[in-house]
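Chemist: First the structure, then my questions, so here it is.
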Amino acid sequence: MSLSPSSHSGDPGPASGAPEPQAPAEGASVDPAEIAKFEAMAEAWWDPSGKFRPLHRLNPVRLAYIRDQACRRFGRDAKSLAPLEGLDLLDIGCGGGLLAEPMARMGTRVVGIDASHRNIAIAGLHAQRMGLAIDYRCQTVETLAASGERRFDIVLNMEVIEHVADVEGFLAASVGLLKPGGMMIVATLNRTAKSYALAIVGAEYLLRWLPRGTHDWKRFLRPSELAHLIARAGGQVLALEGVVYNPLTDHWSLSRDLGVNYMALAEATR
Numbered sequence: 036m037s038l039s040p041s042s043h044s045g046d047p048g049p050a051s052g053a054p055e056p057q058a059p060a061e062g063a064s065v066d067p068a069e070i071a072k073f074e075a076m077a078e079a080w081w082d083p084s085g086k087f088r089p090l091h092r093l094n095p096v097r098l099a100y101i102r103d104q105a106c107r108r109f110g111r112d113a114k115s116l117a118p119l120e121g122l123d124l125l126d127i128g129c130g131g132g133l134l135a136e137p138m139a140r141m142g143t144r145v146v147g148i149d150a151s152h153r154n155i156a157i158a159g160l161h162a163q164r165m166g167l168a169i170d171y172r173c174q175t176v177e178t179l180a181a182s183g184e185r186r187f188d189i190v191l192n193m194e195v196i197e198h199v200a201d202v203e204g205f206l207a208a209s210v211g212l213l214k215p216g217g218m219m220i221v222a223t224l225n226r227t228a229k230s231y232a233l234a235i236v237g238a239e240y241l242l243r244w245l246p247r248g249t250h251d252w253k254r255f256l257r258p259s260e261l262a263h264l265i266a267r268a269g270g271q272v273l274a275l276e277g278v279v280y281n282p283l284t285d286h287w288s289l290s291r292d293l294g295v296n297y298m299a300l301a302e303a304t305r
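Residue numbers (this note's numbering): 36 to 305.
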């Protein structure tokens, strides 16, 4: 992922020679059917006009929110060249690396995990082409947490929780990977009539931004449900921010409207 849509110019394009699909990494949160959906689209991760175009367009607002919240929490200057220098960051469900790469450019030491071998292979190859040192692993958050290997200043759960099988266990492992004083950001979709109309009917059937069946509306979480689950996991939600799309400008922005897409800032309480 890049700091702005234009930074994809000159991109070498999708990875070639990616491995054949393998069984996803094991974990209670892994839903093989959900992993298979993204395996099928894996080589399109770095095509800003392809199947992941919505994420490329959404990326600038996500990155700015992560940067600003982290700078506020850790006392950094958001205008500096590498504002998050030296912080440890975990990108859960990293996909092809659309968030991991710009976060590495901001100075963080990034670990990116994904249950899909194919996603990790493509992410690793792209990072190598970009000259970025990112620790990509085909691993689940549960196995990383159970290893006791390390904890992180920043944990990102961006557009992944609606695809996991065991949401409670997934969040417990995620919160458990935070360092004292660390922060987690969760980006997901609200379960409302508006989100069904826009994120399912509009995005998948009318606009065809995403393949049909990419999302299951019943898996979307209301902010109150997410806050409750994070509290059960030993954390607390500090702030909620909506993200809305303007079709006239083809632009995403932050909003008080939590009806479709939203982000939650959380911390560990124990």
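Beta carbons: idealized from backbone N, C-alpha and C, even for Gly.
Everything numeric in this text was worked out from a predicted model, so none of it was measured.
Along the chain, which unbroken stretches of the beta strand (DSSP E) at least 3 residues long are found entirely within the stretch 172 to 224?
Modeler: 187 to 193, 213 to 224, all fully within the stretch 172 to 224.
Chemist: List the DSSP bridge partners of Q378.
Modeler: Nothing can be reported for residue 378, as the shown portion of the chain is limited to 36 through 305.
Chemist: For my contact list, V210 and G270 are in at a C-beta cut-off of 8 Å; report their separation, rounded to the angstrom.
Modeler: Indeed, because the Cβ distance is near 4 Å, the residues count as touching under 8 Å.
Chemist: Determine the contact status of G130 and W80, defining contact as a CB-CB distance below 8 Å.
Modeler: Contact: yes.
Chemist: Roughly how many angstroms separate the alpha carbons of H286 and M219, rounded to a whole number?
Modeler: The straight-line gap from Cα to Cα measures roughly 25 Å.
Chemist: Starting from I148, follow the beta strand (DSSP E) in both directions and report where the run begins and ends.
Modeler: Note, I148: beta strand (DSSP E), 144 to 149.
Chemist: What first and last residue would you give for the beta strand (DSSP E) that runs through D126?
Modeler: Counting along the chain, the beta strand (DSSP E) containing D126 begins and ends at 123 to 127.
Chemist: Taking 8 Å as the cut-off, does the stretch 179 to 188 touch the stretch 261 to 279 (at least 3 CB pairs, one atom from each stretch)?
Modeler: No, the stretch 261 to 279 does not touch the stretch 179 to 188.
Chemist: Output the distance between the C-alpha atoms of S151 and R305, rounded to the nearest integer angstrom.
Modeler: Straight-line Cα distance between these residues: approximately 31 Å.
Chemist: Which residues in the same chain have their Cβ closer than 6 Å to the Cβ of T143, if we skip the five residues on either side of it in sequence?
Modeler: The residues are L119, L122, L124.
Chemist: Quick check: the Cα distance between G205 and V146, rounded to an integer number of angstroms?
Modeler: Checking the displayed sequence, the identity of residue 205 turns out to be Phe instead of Gly. About 17 Å.
Chemist: In angstroms, rounded to a whole number, what distance separates the CA positions of N225 and F255?
Modeler: Spanning the two alpha carbons is a distance of roughly 5 Å.
Chemist: Taking the beta carbon of Q163 as the centre, do at least 16 other beta carbons fall within 10 Å, making it buried, or is it exposed?
Modeler: By the 10 Å Cβ count, Q163 comes out exposed.
Chemist: For a test of the three-state rule: what should DSSP assign to W287, helix, strand or coil?
Modeler: Note: W287 maps to strand in three-state DSSP.
Chemist: Which residues mark the beginning and the end of the alpha helix (DSSP H) in which V96 is found?
Modeler: Unbroken alpha helix (DSSP H) run through V96: 88 to 109.
Chemist: Start and end of the alpha helix (DSSP H) containing E136?
Modeler: Here the alpha helix (DSSP H) through E136 covers 135 to 140.
Chemist: Please classify S64 as buried or exposed, where buried requires at least 16 neighbouring CB atoms within 10 angstroms.
Modeler: Looking at its Cβ environment, which holds 16 or more other Cβ atoms inside 10 Å, S64 is buried.
Chemist: Between the beta-carbon of G277 and the beta-carbon of L261, is there less than 8 Å?
Modeler: Cβ atoms of G277 and L261: not closer than 8 Å.
Chemist: Consult DSSP for E120 and reduce its assignment to one of helix, strand or coil.
Modeler: Reduced to three states, the DSSP call for E120 is coil.
Chemist: Determine, using beta carbons only, whether T175 and E197 come nearer to each other than 8 Å.
Modeler: Cβ atoms of T175 and E197: not closer than 8 Å.
Chemist: In three-state DSSP terms, what is G277?
Modeler: Looking at G277 - three-state DSSP - the assignment turns out to be strand.
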